[in-house]
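Okay, so here's the structure we're looking at.
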Amino acid sequence: MDEALQKVGAGLYGNNGCSSSSIKPFGSLVVLRFEEMLEWEEWVCCGVEFPCLKKLYIKKCPKLKGDIPKHFSYLTKLEISECGQLVTCHPLSTTSPLLNTWRSRNVKIFQLFEMGLPPMLETLEIQGCPILESLPEGMMQNNTTLQSLSIMHCNSLRSLPSINSLKTLLIEWCEKLELSLAEDMTHNHYASLTTLYIGISCDSLTSFPLAFFTKLETLDIWGCTNLESLYIPDGFHHVDLTSLQSLYIYYCANLVSFPQGGLPTPNLRSLLISSSKKLRSLPQGMHTLLTSLQHLHISNCPEIDSFPEGGLPSNLSSLHIWNCNKTCGLPDGVGLANASLS
């Protein structure tokens with residue numbers, strides 16, 4: 001597209017009478033992409049309905065104003081990024097009922113989800129929307145398919161709705177967000193999660209109830225400065241977290257403890273603990289509870305002064321320990337014949 005183009009309208013559609021013309025432009029168009037149109041300010045749709053359009057991309061159009069057209073009945077994928085003056089208002093559930101993937105970056109969002117998500121939506125990504133304070137509880141009223149939610153750089157966001165179908169949740173740079181972590185399994189809105197990523201977010205999060213996430217395969221927490229512990233709530237010590245395979249915790253300056261009695265994660269393969277300067281000890285019972293552990297990385301944890309009683313798991317294939325000044329040599333008899341040590 002021409003970088004100097006200011007208006008997309010009748011000229012692009014090949015008629016001057018817009019909707020009164022018998023010409024039906026773009027009747028077979030499936031993919032439409034606008035990118036780096038630096039002077040583009042206005043998109044006038046003139047009643048054109050794009051009957052076959054399935055994918056729409058609008059990227060790096062900083063002067064584009066108003067809202068995008070709403071004649072995309074068969075759209076399945078919509079991505080809008082770096083369009084700081086664009087305002088999206090049309091409810092997605094009515095304008096694009098077949099939408100499967102929505103991604104936005106640096107776009108102002110108003111009333112987009114008030115009437116609920118499209119029933120087929122599986123992936124929702126919102127990045128760089130500082131005015132967004134909440135996602136409405138009712139947005140899931142017509143949707144049972146949402147599996148992936150990513151929220152990044154939304155500094156005013158305070159709450160998320162209950163999303164029982166969610167498999168992947170990524171939260172980054174949302175410091176005010178308060179995760180509603182239930183006190184019992186009957187009200188656990190994140191029970192289906194398999195991947196959870198929290199980075200520099202959720203300042204109110206001081207403890208993480210690991211046992212509530214029985215299907216979790218990957219847990220990645222970084223830069224949560226108020227997080228103090230991972231714990232197993234009372235009454236849940238019998239729970240084995242057999243799905244968890246990767247656990248990464250780094251730049252959590254106030255982390256001081258793991259669950260009492262150790263991590264009940266027999267299938268955990270990778271454990272990374274880094275830059276947690278108040279942490280004094282590794283999880284208990286690693287040699288018996290973490291029998292599948294293959295990769296262990298510990299760095300910038302200056303207060304860890306010893307290995308757990310019983311030593312480390314015998315199946316380790318790689319062990320990395322760096323800048324843990326109080327940690328003396330490896331314990332005797334840990335069975336690291338196959339491990340690559342550093």
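For what it's worth, our numbering labels the leading residue of the sequence shown as 1, then goes sequentially.
We put the beta carbon where it would ideally sit given N, CA and C, even for glycine.
What you are looking at is a predicted structure, and each value in this text was computed from that prediction instead of being measured.
Nearest to Lys108 (by Cα), restricted to the options Thr327, Ser96, Val87 and Asn142: Of the candidates Thr327, Ser96, Val87 and Asn142, the one whose C-alpha sits nearest the C-alpha of Lys108 is Val87.
Val30 versus Lys59: straight-line alpha-carbon distance, rounded: Looking at the two C-alpha atoms, the distance is approximately 18 Å.
Close Cβ partners of Ser156 (< 7 Å) along its chain, the five nearest in sequence each way excluded: The residues are Pro130, Ile131, Leu132, Glu133 and Lys176.
Cβ shell of Glu228 (< 8 Å), same chain only, five flanking positions each side left out: The beta carbon of Glu228 lies closer than 8 Å to those of Thr206, Ser207, Asn254, Leu255, Val256 and Ser257 in the same chain, with the five residues before and after it left out.
Minimum C-alpha distance to Tyr197 - residue among Gln294, Phe212, Asp220 and Leu216: Answer by Cα proximity: Asp220.
Distance between beta carbons of Leu121 and Leu146, contact taken as under 8 Å: Contact annotation, Leu146 with Leu121: C-beta distance approximately 6 Å; criterion of less than 8 Å satisfied.
Classification of Phe110 by the beta-carbon crowding that lies within 10 angstroms, buried from 16 upward: Counting C-beta atoms within 10 angstroms of its own C-beta, Phe110 has fewer than 16 neighbours from the protein chains shown and is therefore classed as exposed.
Where His287 falls, given that 16 or more other Cβ within 10 Å makes a residue buried: Buried, by the Cβ-count rule.
Cα-Cα separation between Val8 and Cys45, rounded to whole angstroms: In this model, Val8 and Cys45 are separated by some 8 Å (Cα to Cα).
Neighbour-count burial assignment, Cys252, 16 or more Cβ in a 10 Å radius: Buried: at least 16 other Cβ atoms inside 10 Å.
Per-residue DSSP class, three states only, for Phe212: Secondary structure of Phe212 (DSSP, three-state): helix.
Per DSSP, cross-strand counterpart(s) of Gln127: According to DSSP, residue pairing for Gln127 in a beta bridge involves Arg105 and Met152.
Inter-residue spacing [alpha-carbon to alpha-carbon] between Arg103 and Met152: Between the alpha carbons of Arg103 and Met152 lies a distance of about 11 Å.
Three-state secondary structure (DSSP) of Thr144: It is coil, neither helix nor strand.
Length-filtered (3 minimum) beta strand (DSSP E) runs lying within the segment 221-308: Segments of the beta strand (DSSP E) lying fully in the segment 221-308: 229-231, 246-250, 270-274 and 295-299.
Residues bridged to Trp322 (per DSSP): According to DSSP, Trp322 bridges with Ser299.
CA-to-CA distance, Ser180 to Leu282, given in whole angstroms: Their Cα atoms are separated by approximately 28 Å.
Gly66 in three-state terms, based on DSSP: Here Gly66 sits in strand by DSSP.
Coarse secondary structure for Ser204, derived from DSSP in three states: DSSP, read as helix, strand or coil, puts Ser204 in coil.
Buried versus exposed, by CB contacts within 10 Å (16 or more), Ser274: Its Cβ being crowded by 16 or more others within 10 Å, Ser274 is buried.
With 16 other Cβ atoms within 10 Å as the buried cut-off, status of Cys154: That one is buried.
Val30 - partner residues in DSSP beta bridges: Per DSSP, none; premise fails for Val30.
Counterpart residues of Thr195 in DSSP-defined beta bridges: Under DSSP, Thr195 forms a beta bridge with Thr168 and Thr218.
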